[in-house]
Amino acid sequence: MKNNSLLLKLCILCAILMMISCGSDTKEKTKTTPTTSNETEKITETPKANNTFYAWVDNINVRDAASTKGKVIGTYTSEDALEFSGTKSDSKEIIVLRGVAYDDYWLKITTKDNKVGWVYGGAVHQKGDTKGNDIITKDKFDFNHFGKFDVSSWTDLGITRREGGDAETVTNSYLKGNQIIEIEKTDVGEYGYYHTYRLMDAKRKLLKERTFSFNADAGDSKPKMELTETVKDFISKKEYTRTQTLSEHFMQLNARPQMVNGTWEEAELIPTEKAATTEETPLAQKTAFAKPMEVINSLKGLPNEFSDGCNCSFRTHPKDFDTMLVFGTFQDAPKAKAVIQINGKLVMLNSKKPENPNHKLGEIHKHYYNDAYDLKFTLTKDGTDDGGGTQYAGTAHLTSKDGKVNTTINIFGGCGC
(Lines of atoms letter the chains of each structure in order from A and count residues from 1; the text may use other names and numbers.)
(Lines give C-alpha, C1' and ligand atoms only; values in the text may rest on other atoms or scores of the structure.)
Protein backbone atom coordinates (compact mmCIF):
# COMPACT_ATOMS: atom_id res chain seq x y z
CA MET A 1 0.00 0.00 0.00
CA LYS A 2 2.84 2.30 0.89
CA ASN A 3 4.51 1.52 -2.42
CA ASN A 4 1.40 2.50 -4.35
CA SER A 5 1.13 5.79 -2.48
CA LEU A 6 4.74 6.63 -3.22
CA LEU A 7 4.29 5.87 -6.91
CA LEU A 8 1.25 8.13 -7.06
CA LYS A 9 3.18 10.99 -5.50
CA LEU A 10 5.98 10.60 -8.04
CA CYS A 11 3.52 10.73 -10.96
CA ILE A 12 1.91 13.89 -9.61
CA LEU A 13 5.33 15.55 -9.20
CA CYS A 14 6.33 14.73 -12.80
CA ALA A 15 3.09 16.17 -14.11
CA ILE A 16 3.64 19.43 -12.20
CA LEU A 17 7.20 19.76 -13.55
CA MET A 18 6.01 19.23 -17.14
CA MET A 19 3.33 21.89 -16.74
CA ILE A 20 5.88 24.40 -15.39
CA SER A 21 8.21 23.66 -18.30
CA CYS A 22 5.47 24.13 -20.93
CA GLY A 23 4.30 27.35 -19.31
CA SER A 24 7.78 28.83 -19.40
CA ASP A 25 8.09 27.98 -23.11
CA THR A 26 4.73 29.58 -23.87
CA LYS A 27 5.73 32.82 -22.15
CA GLU A 28 8.97 32.95 -24.17
CA LYS A 29 7.09 32.52 -27.42
CA THR A 30 4.65 35.22 -26.43
CA LYS A 31 7.51 37.67 -25.91
CA THR A 32 8.95 37.15 -29.41
CA THR A 33 5.66 37.23 -31.30
CA PRO A 34 5.06 41.05 -31.16
CA THR A 35 8.52 41.78 -32.63
CA THR A 36 7.89 39.58 -35.67
CA SER A 37 4.45 41.10 -36.20
CA ASN A 38 5.76 44.70 -36.15
CA GLU A 39 8.36 43.97 -38.82
CA THR A 40 5.89 42.44 -41.30
CA GLU A 41 3.41 45.31 -40.97
CA LYS A 42 5.80 47.98 -42.46
CA ILE A 43 4.37 49.19 -45.85
CA THR A 44 6.13 51.52 -48.38
CA GLU A 45 3.70 54.01 -49.94
CA THR A 46 4.02 54.75 -53.69
CA PRO A 47 4.16 58.50 -54.44
CA LYS A 48 1.21 59.81 -56.43
CA ALA A 49 2.04 60.39 -60.14
CA ASN A 50 2.13 63.98 -61.44
CA ASN A 51 -0.58 64.19 -64.09
CA THR A 52 -0.71 68.00 -64.39
CA PHE A 53 0.22 69.42 -67.79
CA TYR A 54 0.44 72.96 -69.21
CA ALA A 55 0.48 74.28 -72.77
CA TRP A 56 3.85 75.63 -73.93
CA VAL A 57 2.25 77.41 -76.90
CA ASP A 58 0.42 80.72 -76.38
CA ASN A 59 -3.03 79.16 -76.45
CA ILE A 60 -4.15 75.56 -76.74
CA ASN A 61 -7.45 74.21 -78.04
CA VAL A 62 -9.20 71.45 -76.12
CA ARG A 63 -11.27 69.27 -78.49
CA ASP A 64 -14.08 66.79 -78.10
CA ALA A 65 -12.16 64.16 -80.10
CA ALA A 66 -8.52 63.06 -80.43
CA SER A 67 -7.96 64.87 -83.73
CA THR A 68 -7.47 68.34 -85.16
CA LYS A 69 -10.89 67.79 -86.75
CA GLY A 70 -12.49 67.54 -83.32
CA LYS A 71 -14.75 70.38 -82.18
CA VAL A 72 -13.03 72.99 -79.99
CA ILE A 73 -14.73 73.03 -76.58
CA GLY A 74 -12.35 75.53 -74.98
CA THR A 75 -9.10 77.46 -75.38
CA TYR A 76 -6.62 77.76 -72.51
CA THR A 77 -3.39 79.61 -71.75
CA SER A 78 -0.01 78.31 -70.65
CA GLU A 79 -0.97 79.10 -67.05
CA ASP A 80 -4.06 76.86 -67.02
CA ALA A 81 -3.59 73.41 -65.49
CA LEU A 82 -4.73 70.40 -67.53
CA GLU A 83 -5.22 67.18 -65.56
CA PHE A 84 -4.29 64.08 -67.57
CA SER A 85 -6.70 61.16 -67.05
CA GLY A 86 -4.19 58.53 -68.14
CA THR A 87 -6.03 57.84 -71.40
CA LYS A 88 -4.21 58.36 -74.71
CA SER A 89 -5.30 58.13 -78.34
CA ASP A 90 -4.87 54.79 -80.11
CA SER A 91 -2.12 56.14 -82.37
CA LYS A 92 0.33 59.01 -82.71
CA GLU A 93 0.00 61.98 -85.07
CA ILE A 94 2.67 64.25 -86.58
CA ILE A 95 1.94 67.96 -86.12
CA VAL A 96 4.36 70.85 -86.72
CA LEU A 97 4.33 73.45 -83.94
CA ARG A 98 6.43 76.61 -84.31
CA GLY A 99 8.65 74.98 -86.91
CA VAL A 100 9.20 71.71 -85.00
CA ALA A 101 7.60 68.36 -85.93
CA TYR A 102 6.16 66.39 -83.01
CA ASP A 103 5.10 62.74 -83.31
CA ASP A 104 2.89 62.28 -80.26
CA TYR A 105 -0.39 60.98 -78.84
CA TRP A 106 -3.50 62.94 -77.99
CA LEU A 107 -4.17 63.09 -74.23
CA LYS A 108 -7.55 63.01 -72.53
CA ILE A 109 -7.63 65.76 -69.90
CA THR A 110 -9.88 67.72 -67.55
CA THR A 111 -9.66 71.51 -67.55
CA LYS A 112 -9.82 73.90 -64.60
CA ASP A 113 -13.53 74.48 -65.34
CA ASN A 114 -14.17 70.71 -65.39
CA LYS A 115 -14.44 70.24 -69.14
CA VAL A 116 -13.30 66.84 -70.37
CA GLY A 117 -11.59 66.78 -73.77
CA TRP A 118 -8.43 66.06 -75.74
CA VAL A 119 -5.19 68.01 -76.26
CA TYR A 120 -2.24 67.18 -78.51
CA GLY A 121 0.65 65.77 -76.46
CA GLY A 122 3.27 67.66 -78.44
CA ALA A 123 1.76 70.98 -77.37
CA VAL A 124 1.89 70.39 -73.61
CA HIS A 125 4.58 69.83 -71.00
CA GLN A 126 4.99 69.53 -67.26
CA LYS A 127 6.58 72.06 -64.94
CA GLY A 128 10.35 71.93 -65.24
CA ASP A 129 10.41 70.52 -68.78
CA THR A 130 12.44 72.39 -71.44
CA LYS A 131 10.04 71.56 -74.25
CA GLY A 132 9.01 74.30 -76.71
CA ASN A 133 10.54 77.24 -78.58
CA ASP A 134 9.77 80.79 -79.73
CA ILE A 135 7.97 81.55 -82.98
CA ILE A 136 10.27 81.52 -86.04
CA THR A 137 9.67 84.23 -88.66
CA LYS A 138 11.57 85.56 -91.66
CA ASP A 139 13.15 88.27 -89.51
CA LYS A 140 13.14 86.81 -85.98
CA PHE A 141 14.69 83.49 -85.01
CA ASP A 142 16.34 81.88 -82.00
CA PHE A 143 18.34 78.74 -82.83
CA ASN A 144 20.22 76.61 -80.31
CA HIS A 145 24.00 77.15 -80.45
CA PHE A 146 23.57 79.75 -83.24
CA GLY A 147 21.90 82.65 -81.41
CA LYS A 148 18.85 84.88 -81.20
CA PHE A 149 18.47 87.58 -83.87
CA ASP A 150 15.97 90.11 -85.18
CA VAL A 151 17.25 91.23 -88.60
CA SER A 152 14.34 93.65 -89.07
CA SER A 153 16.59 96.22 -87.36
CA TRP A 154 19.58 95.41 -89.62
CA THR A 155 20.40 97.05 -92.95
CA ASP A 156 18.88 95.01 -95.78
CA LEU A 157 21.64 94.30 -98.31
CA GLY A 158 19.22 92.84 -100.82
CA ILE A 159 18.06 89.53 -102.20
CA THR A 160 19.45 87.22 -104.87
CA ARG A 161 17.74 84.35 -106.69
CA ARG A 162 19.35 81.44 -108.51
CA GLU A 163 17.65 78.67 -110.45
CA GLY A 164 18.97 75.45 -111.88
CA GLY A 165 17.03 72.29 -112.72
CA ASP A 166 14.60 71.56 -109.89
CA ALA A 167 16.50 73.79 -107.46
CA GLU A 168 15.68 77.39 -106.63
CA THR A 169 17.83 79.34 -104.15
CA VAL A 170 16.92 82.65 -102.52
CA THR A 171 19.54 84.49 -100.43
CA ASN A 172 18.89 87.47 -98.14
CA SER A 173 21.77 89.45 -96.63
CA TYR A 174 21.75 91.86 -93.68
CA LEU A 175 24.37 94.16 -92.15
CA LYS A 176 24.61 95.60 -88.63
CA GLY A 177 27.75 97.10 -87.14
CA ASN A 178 30.61 94.74 -87.95
CA GLN A 179 28.45 91.67 -88.54
CA ILE A 180 26.70 90.21 -91.58
CA ILE A 181 23.92 87.62 -91.57
CA GLU A 182 23.25 85.67 -94.75
CA ILE A 183 20.13 83.49 -95.03
CA GLU A 184 20.12 81.06 -97.94
CA LYS A 185 17.08 78.89 -98.68
CA THR A 186 17.04 76.26 -101.42
CA ASP A 187 13.94 74.39 -102.56
CA VAL A 188 14.24 71.25 -104.71
CA GLY A 189 10.54 70.50 -105.06
CA GLU A 190 9.25 67.24 -103.63
CA TYR A 191 12.83 66.08 -102.94
CA GLY A 192 13.24 68.45 -100.00
CA TYR A 193 14.63 71.81 -98.97
CA TYR A 194 17.73 73.29 -97.32
CA HIS A 195 18.27 76.34 -95.09
CA THR A 196 21.67 77.86 -94.32
CA TYR A 197 22.23 80.70 -91.84
CA ARG A 198 25.68 82.32 -91.77
CA LEU A 199 26.97 84.81 -89.21
CA MET A 200 30.09 86.61 -90.44
CA ASP A 201 32.28 89.50 -89.39
CA ALA A 202 32.93 92.59 -91.50
CA LYS A 203 35.57 90.71 -93.51
CA ARG A 204 33.08 87.92 -94.21
CA LYS A 205 34.93 85.52 -91.95
CA LEU A 206 32.53 82.84 -90.73
CA LEU A 207 31.72 83.03 -87.04
CA LYS A 208 28.83 80.54 -87.02
CA GLU A 209 26.98 78.51 -89.63
CA ARG A 210 23.69 76.68 -89.17
CA THR A 211 22.32 74.25 -91.77
CA PHE A 212 18.95 72.53 -91.77
CA SER A 213 17.76 70.00 -94.35
CA PHE A 214 14.64 67.96 -95.04
CA ASN A 215 15.56 65.11 -97.38
CA ALA A 216 12.78 63.03 -98.91
CA ASP A 217 14.42 59.77 -99.99
CA ALA A 218 12.03 57.85 -102.25
CA GLY A 219 14.59 55.26 -103.33
CA ASP A 220 13.40 52.49 -101.00
CA SER A 221 10.06 50.73 -101.03
CA LYS A 222 9.23 52.73 -97.90
CA PRO A 223 10.10 56.43 -98.33
CA LYS A 224 12.38 57.91 -95.67
CA MET A 225 12.02 61.49 -94.51
CA GLU A 226 15.16 62.62 -92.69
CA LEU A 227 15.75 65.97 -91.01
CA THR A 228 19.27 67.11 -90.11
CA GLU A 229 20.33 70.22 -88.20
CA THR A 230 23.99 71.19 -87.77
CA VAL A 231 25.56 74.23 -86.14
CA LYS A 232 29.25 74.98 -86.58
CA ASP A 233 30.72 77.43 -84.06
CA PHE A 234 34.05 78.63 -85.44
CA ILE A 235 34.68 80.68 -82.28
CA SER A 236 34.48 77.82 -79.77
CA LYS A 237 35.51 75.28 -82.45
CA LYS A 238 32.51 73.08 -81.66
CA GLU A 239 30.04 71.32 -83.96
CA TYR A 240 26.52 70.35 -82.90
CA THR A 241 24.28 67.94 -84.83
CA ARG A 242 20.88 66.34 -84.33
CA THR A 243 18.65 64.29 -86.63
CA GLN A 244 15.02 63.21 -86.85
CA THR A 245 13.15 60.73 -89.03
CA LEU A 246 9.49 61.20 -89.97
CA SER A 247 7.02 58.85 -91.61
CA GLU A 248 5.27 61.62 -93.58
CA HIS A 249 6.40 63.89 -96.41
CA PHE A 250 6.60 67.59 -95.58
CA MET A 251 3.94 68.28 -98.21
CA GLN A 252 1.53 66.19 -96.11
CA LEU A 253 2.21 68.13 -92.90
CA ASN A 254 0.38 71.19 -91.62
CA ALA A 255 3.58 73.27 -91.96
CA ARG A 256 7.23 72.87 -92.94
CA PRO A 257 9.62 71.93 -90.12
CA GLN A 258 12.46 74.41 -89.59
CA MET A 259 14.23 72.75 -86.67
CA VAL A 260 14.94 69.17 -85.62
CA ASN A 261 13.18 67.59 -82.65
CA GLY A 262 16.00 65.55 -81.14
CA THR A 263 19.06 65.40 -78.90
CA TRP A 264 22.19 67.34 -79.81
CA GLU A 265 25.50 65.55 -80.31
CA GLU A 266 28.61 67.65 -79.69
CA ALA A 267 31.96 67.20 -81.41
CA GLU A 268 35.18 69.09 -82.05
CA LEU A 269 34.95 71.21 -85.18
CA ILE A 270 37.28 70.15 -87.97
CA PRO A 271 38.63 73.32 -89.67
CA THR A 272 37.69 73.81 -93.32
CA GLU A 273 38.74 76.23 -96.01
CA LYS A 274 35.29 77.77 -95.88
CA ALA A 275 35.95 79.09 -92.38
CA ALA A 276 39.19 80.80 -93.36
CA THR A 277 39.36 84.56 -93.58
CA THR A 278 38.58 85.94 -97.03
CA GLU A 279 40.40 89.19 -97.58
CA GLU A 280 37.55 90.93 -99.36
CA THR A 281 37.32 94.69 -99.25
CA PRO A 282 34.33 96.36 -97.55
CA LEU A 283 33.14 97.38 -101.03
CA ALA A 284 33.13 93.77 -102.23
CA GLN A 285 31.23 92.75 -99.10
CA LYS A 286 28.47 95.25 -99.79
CA THR A 287 27.94 94.08 -103.35
CA ALA A 288 28.68 90.34 -103.18
CA PHE A 289 24.95 89.54 -103.24
CA ALA A 290 24.50 91.42 -106.56
CA LYS A 291 26.51 88.94 -108.63
CA PRO A 292 27.04 88.67 -111.54
CA MET A 293 26.70 92.48 -111.54
CA GLU A 294 29.86 94.19 -110.31
CA VAL A 295 30.70 97.69 -109.15
CA ILE A 296 31.37 100.05 -112.05
CA ASN A 297 34.75 101.53 -111.18
CA SER A 298 35.40 103.35 -114.46
CA LEU A 299 33.21 104.92 -117.16
CA LYS A 300 36.01 105.38 -119.66
CA GLY A 301 35.22 104.33 -123.22
CA LEU A 302 31.46 104.85 -123.02
CA PRO A 303 29.63 106.26 -126.10
CA ASN A 304 29.01 110.00 -126.27
CA GLU A 305 25.34 109.74 -125.24
CA PHE A 306 26.51 108.82 -121.73
CA SER A 307 28.44 112.05 -121.35
CA ASP A 308 25.89 114.70 -122.32
CA GLY A 309 25.61 115.92 -118.71
CA CYS A 310 22.31 114.18 -117.91
CA ASN A 311 22.40 110.66 -116.50
CA CYS A 312 21.08 108.24 -113.91
CA SER A 313 23.03 106.06 -111.51
CA PHE A 314 21.91 103.31 -109.14
CA ARG A 315 23.76 101.71 -106.23
CA THR A 316 23.23 99.11 -103.53
CA HIS A 317 23.25 101.54 -100.58
CA PRO A 318 21.31 104.80 -100.19
CA LYS A 319 24.35 106.90 -99.24
CA ASP A 320 27.26 104.81 -100.50
CA PHE A 321 28.05 106.09 -104.00
CA ASP A 322 31.00 103.71 -104.36
CA THR A 323 28.56 100.80 -104.83
CA MET A 324 27.20 101.97 -108.22
CA LEU A 325 26.03 99.02 -110.34
CA VAL A 326 23.97 100.70 -113.09
CA PHE A 327 24.69 103.87 -115.07
CA GLY A 328 22.28 105.14 -117.72
CA THR A 329 21.16 108.04 -119.87
CA PHE A 330 18.42 110.40 -118.70
CA GLN A 331 15.93 109.53 -121.45
CA ASP A 332 12.75 107.56 -122.04
CA ALA A 333 12.56 104.26 -123.91
CA PRO A 334 13.54 103.37 -126.56
CA LYS A 335 16.24 106.09 -126.61
CA ALA A 336 17.51 105.41 -123.10
CA LYS A 337 20.60 103.26 -122.64
CA ALA A 338 22.23 101.71 -119.59
CA VAL A 339 25.47 99.97 -118.74
CA ILE A 340 26.36 97.32 -116.16
CA GLN A 341 29.64 95.53 -115.44
CA ILE A 342 30.00 91.72 -115.57
CA ASN A 343 33.31 89.82 -115.36
CA GLY A 344 35.21 93.10 -115.39
CA LYS A 345 33.67 94.31 -118.67
CA LEU A 346 31.06 96.99 -119.29
CA VAL A 347 27.87 95.57 -120.83
CA MET A 348 25.70 97.92 -122.92
CA LEU A 349 21.88 97.67 -122.68
CA ASN A 350 19.16 99.22 -124.84
CA SER A 351 15.69 100.10 -123.53
CA LYS A 352 12.07 99.37 -124.37
CA LYS A 353 8.70 100.10 -122.88
CA PRO A 354 7.89 97.70 -120.01
CA GLU A 355 5.13 95.18 -120.65
CA ASN A 356 2.27 94.92 -118.13
CA PRO A 357 3.97 96.81 -115.28
CA ASN A 358 2.56 96.17 -111.80
CA HIS A 359 2.06 99.65 -110.39
CA LYS A 360 1.16 98.21 -106.99
CA LEU A 361 4.85 97.38 -106.60
CA GLY A 362 6.18 100.71 -107.80
CA GLU A 363 5.25 103.84 -109.72
CA ILE A 364 8.21 103.76 -112.14
CA HIS A 365 9.19 100.81 -114.34
CA LYS A 366 12.20 100.49 -116.66
CA HIS A 367 13.27 97.67 -118.98
CA TYR A 368 16.81 97.38 -120.39
CA TYR A 369 18.07 94.52 -122.54
CA ASN A 370 20.55 93.10 -125.04
CA ASP A 371 21.10 89.70 -126.67
CA ALA A 372 22.26 88.14 -123.39
CA TYR A 373 20.50 89.95 -120.51
CA ASP A 374 17.28 91.59 -119.34
CA LEU A 375 17.35 94.22 -116.58
CA LYS A 376 14.06 95.46 -115.12
CA PHE A 377 13.60 98.25 -112.56
CA THR A 378 10.64 98.76 -110.24
CA LEU A 379 11.04 102.09 -108.42
CA THR A 380 9.28 104.56 -106.14
CA LYS A 381 10.26 108.14 -105.37
CA ASP A 382 12.28 108.39 -102.17
CA GLY A 383 12.87 112.06 -101.39
CA THR A 384 15.42 114.40 -102.96
CA ASP A 385 19.19 114.76 -102.88
CA ASP A 386 21.16 117.80 -101.70
CA GLY A 387 20.77 119.42 -105.12
CA GLY A 388 17.01 118.95 -105.19
CA GLY A 389 17.06 116.00 -107.57
CA THR A 390 14.57 113.17 -107.14
CA GLN A 391 15.84 110.04 -105.43
CA TYR A 392 14.47 106.55 -106.09
CA ALA A 393 14.36 103.23 -104.23
CA GLY A 394 13.22 99.85 -105.48
CA THR A 395 14.46 96.62 -107.00
CA ALA A 396 16.57 95.61 -109.99
CA HIS A 397 15.91 92.20 -111.53
CA LEU A 398 18.62 90.81 -113.80
CA THR A 399 18.08 87.64 -115.83
CA SER A 400 20.05 86.01 -118.62
CA LYS A 401 18.67 84.53 -121.81
CA ASP A 402 20.44 81.21 -121.10
CA GLY A 403 18.66 80.90 -117.74
CA LYS A 404 21.85 80.89 -115.65
CA VAL A 405 21.26 84.32 -114.08
CA ASN A 406 18.23 85.27 -112.00
CA THR A 407 19.12 87.99 -109.48
CA THR A 408 16.93 90.49 -107.66
CA ILE A 409 18.48 93.16 -105.41
CA ASN A 410 17.40 96.30 -103.60
CA ILE A 411 18.68 99.38 -105.36
CA PHE A 412 18.83 103.15 -104.77
CA GLY A 413 19.64 106.05 -107.06
CA GLY A 414 18.66 109.21 -108.87
CA CYS A 415 18.81 111.12 -112.13
CA GLY A 416 20.03 114.60 -112.90
CA CYS A 417 21.89 116.91 -115.26
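Under our numbering, think of the first position of the sequence shown as 10, with each following residue one higher. Virtual Cβ for every residue (Gly too), placed ideally from N, Cα, C.
Contacts around residue i, its chain only, beta-carbon distance under 7 Å, and the 5 residues preceding and following it disregarded
{"i": "Asn-70", "result": "Val-81 and Thr-84"}
{"i": "Thr-119", "result": "Glu-92, Ser-94 and Val-125"}
{"i": "Gly-271", "result": "Arg-251, Thr-252 and Gln-253"}
{"i": "Ser-98", "result": "Ala-75, Tyr-114 and Trp-115"}
Proximal residues to residue i (C-beta, below 6 Å), its chain only, five neighbours per side dropped
{"i": "Glu-177", "result": "Asp-196"}
{"i": "Ser-87", "result": "Tyr-63 and Ala-64"}
{"i": "Ser-182", "result": "Leu-166, Glu-191 and Phe-298"}
{"i": "Ser-222", "result": "Tyr-203 and Thr-237"}
{"i": "Leu-355", "result": "Val-348"}
{"i": "Asp-341", "result": "none"}
{"i": "Lys-375", "result": "Phe-386"}
{"i": "Gly-412", "result": "none"}
Cβ-based neighbour list, residue i, same chain, cut-off 8 Å, excluding 5 preceding and 5 following
{"i": "Thr-42", "result": "Per-residue confidence for Thr-42 stands at a pLDDT of 45, beneath the threshold of 50, marking its modelled position as unreliable; the derived number appears in the next sentence. Hits under 8 Å: none found."}
{"i": "Thr-53", "result": "Bear in mind that a pLDDT of 43 at Thr-53, under 50, signals an unreliable position, so the number given afterwards is only what the model happens to contain. Same-chain partners within the cutoff: there are none."}
{"i": "Asn-352", "result": "Pro-301 and Glu-303"}
{"i": "Tyr-378", "result": "Leu-358, Asn-359, Ser-360, Lys-361 and Leu-384"}
{"i": "Met-260", "result": "Glu-199"}
Buried versus exposed call for residue i [16 or more other C-beta atoms within 10 Å across all chains shown]
{"i": "Ile-418", "result": "buried"}
{"i": "Tyr-382", "result": "buried"}
{"i": "Trp-127", "result": "buried"}
{"i": "Gln-135", "result": "exposed"}
{"i": "Gly-186", "result": "exposed"}
{"i": "Lys-147", "result": "exposed"}
{"i": "Lys-217", "result": "buried"}
{"i": "Ile-189", "result": "buried"}
{"i": "Ile-244", "result": "exposed"}
{"i": "Gly-310", "result": "exposed"}
{"i": "Ala-211", "result": "exposed"}
{"i": "His-75", "result": "The sequence as given places Ala at residue 75; His does not occur at that position. Classification for Ala-75: buried."}
{"i": "Ala-345", "result": "buried"}
{"i": "Phe-150", "result": "buried"}
Chain B within 9 Å of residue i, Cβ atoms only
{"i": "Lys-390", "result": "The displayed structure is made up of one protein chain only, and chain B is not part of it."}
Residue span of the beta strand (DSSP E) that contains residue i, given as start and end
{"i": "Arg-265", "result": "Premise fails: Arg-265 is in no beta strand (DSSP E) and is neither H nor E."}
{"i": "Glu-102", "result": "102-106"}
{"i": "Tyr-200", "result": "Run containing Tyr-200: none; DSSP gives neither H nor E here."}
{"i": "Glu-92", "result": "91-97"}
{"i": "His-8", "result": "Since the first and last residues shown for the chain are 10 and 426, residue 8 lies out of range."}
{"i": "Trp-65", "result": "Looking at the DSSP string, Trp-65 is not in any beta strand (DSSP E), and its letter there is neither H nor E."}
{"i": "Met-357", "result": "354-361"}
{"i": "Ser-347", "result": "The question names Ser, but residue 347 is Ala in the sequence shown. Where Ala-347 is concerned, the enclosing beta strand (DSSP E) stretches over 347-351."}
Opposing strand residues paired with residue i [DSSP bridges]
{"i": "Glu-274", "result": "Thr-250"}
{"i": "Arg-324", "result": "Met-333 and Phe-421"}
{"i": "Phe-315", "result": "Phe-315 pairs with nothing; no bridge assigned."}
{"i": "Lys-241", "result": "Glu-218 and Glu-248"}
{"i": "Arg-207", "result": "Glu-191 and Glu-218"}
{"i": "Asp-151", "result": "Lys-157"}
{"i": "Asn-70", "result": "Thr-84"}
{"i": "Ser-409", "result": "Tyr-382"}
{"i": "Val-128", "result": "Leu-116"}
{"i": "Asp-196", "result": "Glu-177 and Tyr-202"}
{"i": "Met-302", "result": "Ile-351"}
{"i": "Gln-400", "result": "Gly-423"}
{"i": "Glu-235", "result": "Asn-224 and Thr-254"}
{"i": "Gly-167", "result": "Ser-182"}
{"i": "Val-109", "result": "Leu-106 and Met-268"}
Whole-angstrom C-beta distance between residue j and residue i, which should lie under 8 Å
{"i": "Thr-325", "j": "Lys-300", "result": "12 Å between Cβ atoms; not a contact."}
{"i": "Arg-219", "j": "Tyr-206", "result": "4 Å"}
{"i": "Ser-322", "j": "Gly-422", "result": "5 Å"}
{"i": "Leu-106", "j": "Val-133", "result": "Incorrect: roughly 11 Å between the Cβ atoms, too far for contact."}
{"i": "Arg-251", "j": "Glu-274", "result": "7 Å"}
{"i": "Gly-398", "j": "Thr-389", "result": "Not a contact, Cβ separation roughly 15 Å."}
{"i": "Asn-320", "j": "Phe-336", "result": "7 Å"}
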